[in-house]
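Each residue of the sequence shown is one higher than the one before, starting from 82 at the first, in our numbering.
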Amino acid sequence: MRRAIELAYQGPAAGPNPRVGCVILAADDGGPRRILGEGYHRGAGTPHAEVDALRDARERASLSNGNPLRGATAIVTLEPCSHTGRTGPCTEALAAAGIREVIYAVDDPNPEAAGGATYLRDRDIRVESGVGREEAFEVVRVWATSLRLGRPFVTLKLATTLDGKIAAEDGTSQWITSSAAREHAHRTRSEVGAILVGTGTVLSDDPSLTARDPDGTAFPQQPLRVALGHRQVPMDARMRGNEDEFLHLATRDPAEALAALADREIRHVLVEGGASVAAAFLKVGLVDELHTYLAPMILGSGKSAVDPFGIETLTDAERWHTEEVRRLGQDTFIRAVKLPAQPSTTKHPGA
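Following this line, the structure appears as structure tokens:
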């Protein structure tokens, strides 16, 4: 299963489909299980991981003039699908190939694709689920959460000084964080379907919002660049770039924006600012994950990372759980997820 997970991570992180990996093992003859084929899903419209692994196994077998698939075992990170979408059902391909056992990690949460395990069992194929589930679920966590919520998964990025500032009093902000932190942030950009900023940020900073290597080379996978707000985006704004990868949403409503992006099959949105946009998403509970880059710097005054959004007492503070802490040069990266809301203990007169 660990190898299948490694293969899954080779697939594109951005896109409507989950990343899935598959390994085909030779039939158990009492000795070490030989790998017959490997595969992973390369994106919407391409063969699913199981079909890719079966193809690989057949190509390897043709070189040795053998046909070892009958009685083999398929190890898959996600339950094989049983529906016809852009491609055919994986379950049918596995059964037709003579696979006798399927071991998978995560049940498919998509009601349109679920039921693969039942299909296989009905055809006398042994099925075992839950093997390596925790590690494999991390591969599809964003996709599965988006599916459950019915909207894109939202990551809010904050790059601040130790006292929470994103710019000095005179507006200067380049660069608060280190090159190592910026490199990490650019790699994250390459793994999301869309990156969103407010029109205020567009007008003040003119960001390009592309995903680039430290030498300036663009990543093959580029996010949709989204401007949120009623103000016009100048025709020469850098974020326009290739117009096919630019979208202006003339609204201030985060839910409306996410609905529009969901219509485009966007599963993961990276919100990069500014402070008013960050506050708008936080206020309505539409942030699923925080990526915070802390630079060892104090400004004392200047622009805060998040505008006020209605919290007046510590009891009502947003509570987050730290999932990851990483050193990036002199900076610190913190990944946090939202904790369930706690009941207020504020005392009211006469209570």
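Cβ coordinates follow ideal geometry from the N, Cα and C atoms, glycine included.
Apart from the 5 residues on each side of it in sequence, Asp188 sits with its Cβ closer than 6 Å to the Cβ of Glu160 in its chain, given in chain order. With 16 or more other CB atoms across the displayed protein chains lying within 10 angstroms of its CB, Val307 is buried. With a 10 Å radius around the Cβ and a threshold of 16 neighbouring Cβ atoms, Val104 comes out buried.
Look at Trp401 here: in three-state DSSP terms it is strand. The alpha-carbon separation between Ala275 and Thr172 amounts to approximately 32 Å. Distance from the Cα of Glu404 is smallest, within the candidate group Thr373, Lys384, Ile379, for Thr373. For Thr413, the CB contacts under 6 Å within the same chain, skipping 5 residues up- and downstream, are Leu375 in chain order. The Cβ atoms of Ala386 and Thr241 sit closer than 8 Å to each other.
Rounded to the nearest whole angstrom, the C-alpha separation of Arg408 and His164 is 44 Å. Inclusion of Pro170 and His349 in the CB contact set at 8 Å is not warranted, their separation being larger than that value. In the three-state scheme derived from DSSP, where H, G and I count as helix and E and B as strand, Gly118 is classed as strand.
Per DSSP, the unbroken alpha helix (DSSP H) holding Cys171 starts and ends at 171–178. 8 Å or more divides the Cβ of Ile156 from the Cβ of Ile180. Contact between Thr236 and Leu395 is ruled out by a C-beta separation of about 25 Å, above the 8 Å threshold. Going by beta carbons, Gly310 and Thr280 fall inside the 8 Å limit.
According to the DSSP secondary-structure assignment, Glu209 is paired through a beta bridge with Ile184.
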